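S.K.:
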Amino acid sequence: MRPAGGSPAGVASALGILLCCLTAMPTLADEAASSGLSVSVTAARRICFTDTVEVTGSLFARREVDILPERDGYKVAQVFVAPLETVTAGQALASLSPMEGMPGSGSPSTIRAAVSGTILRSNAQPGAPASPRQGALFQIAAQGEIDLQAEVPLAGLAKLAVGQPVTVQPLGVQSVSGTVRRIDASLDPASQLGRVRIGLSASPGGSARVGTFARGMISLRERCGIGVPYSSVMYEADGTIVQTIEGDRIVTRQVSIGLLSGTDVEILVGLTEADKVVVRAGAFLRDGDQVYPITREAAGGR
């Protein structure tokens, strides 16, 4: 009787196949490991960063001048100017005519601008009574000087100084430059916000009127240094890190960050312009991991 289990030749053949498979397994594992995870990388580069404080508020005339008729007994005959128009001192704004039946009414009169500037408001309507008791017919922003009166958080208030440059963006019109003119010494007790007056270098064009909402970006300082995408930075218990690439390996660097500019962050310590960093750092990458780097061109920079 033949023993179960097959012939010796068959057993030897099966053992040979098994041995080949066992020998090949480490090779397949090595190939899988060598392929690495594909990651986007970019070069650290020199960028100029501006430290800014953002404020919001409304536009106000620095000095308003009311234009009133000198006496009673008149009505508006004709109006020569409209709001937002620029006028010069002595320019005719409206003509007045005596009201019939009013005692003491005199000859026709002309209302003139007391100062040069911009017409803010006009209450003059042809046929309407004109009297100093009814209030101003016109209001003028003297010399056309407009300020942004803005609120600023306490943390930002400590950084401000008179004379700092500002970019002011009124709602619905083009931006205009300005400078910090005055910083209030006290805070609003309810909101804990400070107030700052920003003088505009020119009157905002278009439909911007006194009372228009505006946003200001106050420039505190500018410096140039090494920058990387903010998404390259990770915060860990041991500090702030950036994942760099050396060859095809992840190398974690401890860094110190500074100013922000758009989507970039300043690196004060820890990187050079020669370094390549992972664009989007993540906990799935560890120091020493093998990766396949894909270079992404940086946008801009100076």
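Just so we're aligned, residue -7 is where the sequence shown starts under my numbering, counting upward by one.
Yeah, the Cβ is synthetic: ideal placement off N, Cα and C, and Gly gets one too.
Bear in mind the structure is a predicted one, so any value in this text is a computation, not a measurement.
On the criterion of 16 or more Cβ atoms from any shown chain inside 10 Å, does ALA(-4) qualify as buried, or is it exposed?
M.R.: Indexing the sequence shown from 1 puts residue -4 at position 4. For ALA(-4), the predicted model reports a pLDDT of 48, less than 50, meaning its position is unreliable and no value from the coordinates is stated.
S.K.: Roughly how many angstroms separate the alpha carbons of ALA120 and SER101, rounded to a whole number?
M.R.: Reading the sequence shown from its first residue, position 128 is the one you call residue 120. Reading the sequence shown from its first residue, position 109 is the one you call residue 101. Going by the C-alpha atoms only, they are around 15 Å apart.
S.K.: What residues are listed by DSSP as bridge partners for ALA301?
M.R.: Limits of the chain in this structure are -7 at one end and 294 at the other, which puts residue 301 out of reach.
S.K.: Please say whether THR264 and SER50 have beta carbons closer to each other than 8 Å?
M.R.: For the purposes of this step, residue 50 is taken as the residue at position 58 of the sequence shown. For the purposes of this step, residue 264 is taken as the residue at position 272 of the sequence shown. No. Outside cutoff.
S.K.: Short of 7 Å in beta carbon distance, which residues of its chain neighbour GLN83, apart from the five on each side in sequence? Order them along the chain.
M.R.: Numbered from 1 along the sequence shown, position 91 holds the residue referred to as residue 83. In its chain, beyond the 5 residues on either side, ARG104 and ALA105 have a beta carbon closer than 7 Å to the beta carbon of GLN83.
S.K.: Looking at the secondary structure, which residues open and close the beta strand (DSSP E) in which ALA147 lies?
M.R.: Working through the sequence shown from its first residue, we reach residue 147 at position 155. Looking at the DSSP string, ALA147 is not in any beta strand (DSSP E); the run it does join, the alpha helix (DSSP H), is 146 to 149.
S.K.: Please report the residue range of the beta strand (DSSP E) in which SER114 lies.
M.R.: As a first step, residue 114 is located in the sequence shown; it is residue number 122 there, counting from the start. First-last of the beta strand (DSSP E) with SER114: 109 to 114.
S.K.: Suppose contacts are defined by Cβ-Cβ distances below 8 Å. Is VAL158 in contact with SER224 by that definition?
M.R.: Residue 158 sits at position 166 when you count from the first residue of the sequence shown. Residue 224 sits at position 232 when you count from the first residue of the sequence shown. Taking C-beta atoms as the reference points, VAL158 and SER224 fail to come closer than 8 Å.
S.K.: Within the stretch 189 to 273, note down every full beta strand (DSSP E) run reaching 3 residues or more, in order along the chain.
M.R.: Counting only runs of 3 or more, we get 205 to 221, 225 to 228, 231 to 238, 241 to 246, 248 to 253, 256 to 261 and 268 to 270.
S.K.: Which residue from GLY164, ILE175, THR110 and GLY231 puts its Cα closest to that of ILE210?
M.R.: Translated into positions along the sequence shown, residue 210 becomes position 218. When each option's Cα is compared against that of ILE210, the closest is ILE175.
S.K.: Taking all protein chains shown into account, decide if LEU146 is buried (16 or more other Cβ within 10 angstroms of its Cβ) or exposed.
M.R.: For the purposes of this step, residue 146 is taken as the residue at position 154 of the sequence shown. Exposed, by the Cβ-count rule.
S.K.: Taking the alpha-carbon positions, what's the GLN117 to GLY254 distance?
M.R.: As a first step, residue 117 must be located in the sequence shown, where it is residue number 125. As a first step, residue 254 must be located in the sequence shown, where it is residue number 262. The straight-line gap from Cα to Cα measures roughly 50 Å.
S.K.: Under 8 Å between the Cβ atoms of LEU85 and VAL73?
M.R.: The residue labelled residue 85 in the question sits at position 93 within the sequence shown. The residue labelled residue 73 in the question sits at position 81 within the sequence shown. Closer than 8 Å, so yes.
S.K.: What's the gap between the Cα of VAL283 and the Cα of SER169?
M.R.: As a working note, residue 283 is residue 291 in the sequence shown. As a working note, residue 169 is residue 177 in the sequence shown. Cα to Cα, VAL283 sits roughly 48 Å from SER169.
S.K.: Taking THR80 as the reference, give the member of GLY98, ARG63 and GLY109 with the closest Cα.
M.R.: If you number the sequence shown from 1, residue 80 lands on position 88. Residue GLY109 is the option with its Cα nearest to THR80.
S.K.: Here's the rule: buried if 16 or more other CB atoms are within 10 angstroms of the residue's CB, otherwise exposed. What is ASP267?
M.R.: Locating residue 267 in the sequence shown gives position 275, counting from the first residue. It is buried - the Cβ of ASP267 has at least 16 other Cβ atoms within 10 Å.
S.K.: So the candidates are PRO196, ILE59, LEU149 and THR171; which of them puts its Cα closest to the Cα of GLU113?
M.R.: For this step, residue 113 is matched to residue 121 along the sequence shown. Per the sequence shown, the amino acid found at residue 113 is Arg instead of Glu. When only C-alpha atoms are compared, the closest one is ILE59.
S.K.: Identify the residues that DSSP records as bridge partners of LEU88: which are they?
M.R.: If you number the sequence shown from 1, residue 88 lands on position 96. For LEU88, which the question treats as bridged, DSSP gives the partners VAL68 and SER101.
S.K.: Based on Cα-Cα distance, which residue from ASP139, VAL144 and LEU277 lies nearest to THR236?
M.R.: Within the sequence shown, residue 236 is the residue found at index 244, counting from 1. Answer by Cα proximity: LEU277.
S.K.: Taking only the alpha-carbon atoms, compute the straight-line gap between PHE52 and VAL261 and give it to the nearest angstrom.
M.R.: One-based indexing of the sequence shown puts residue 52 at position 60. One-based indexing of the sequence shown puts residue 261 at position 269. Roughly 44 Å between the two C-alpha positions.
S.K.: Tell me the rounded alpha-carbon separation between PRO285 and ALA275.
M.R.: Along the sequence shown, read from residue 1 onward, the residue named residue 285 stands at position 293. Along the sequence shown, read from residue 1 onward, the residue named residue 275 stands at position 283. Cα to Cα, PRO285 sits roughly 17 Å from ALA275.
S.K.: To the nearest angstrom, how far is the alpha carbon of GLY280 from that of LEU179?
M.R.: Counted from its first residue, the sequence shown places residue 280 at position 288. Counted from its first residue, the sequence shown places residue 179 at position 187. About 52 Å.
S.K.: Cβ of ALA273 within 8 Å of Cβ of VAL234?
M.R.: For this step, residue 273 is matched to residue 281 along the sequence shown. For this step, residue 234 is matched to residue 242 along the sequence shown. In contact: ALA273 and VAL234 (Cβ atoms closer than 8 Å).
S.K.: By Cβ distance, which residues of its chain are closer than 6 Å to GLU137, with the 5 residues on each side in sequence left out?
M.R.: For the purposes of this step, residue 137 is taken as residue 145 along the sequence shown, with counting starting at 1. The beta carbon of GLU137 sits closer than 6 Å to the beta carbons of ARG54 from its chain, once the five residues preceding and following it are set aside; these are given in chain order.
S.K.: Compute the Euclidean distance between the alpha carbons of TYR296 and ARG125, then round it to the nearest angstrom.
M.R.: No answer is possible for residue 296: it lies beyond the span of the chain, which begins at -7 and ends at 294.
S.K.: Taking DSSP as the reference, what is the three-state secondary structure of PRO124?
M.R.: Walking along the sequence shown from the start, residue 124 turns up at place 132. Helix at PRO124.
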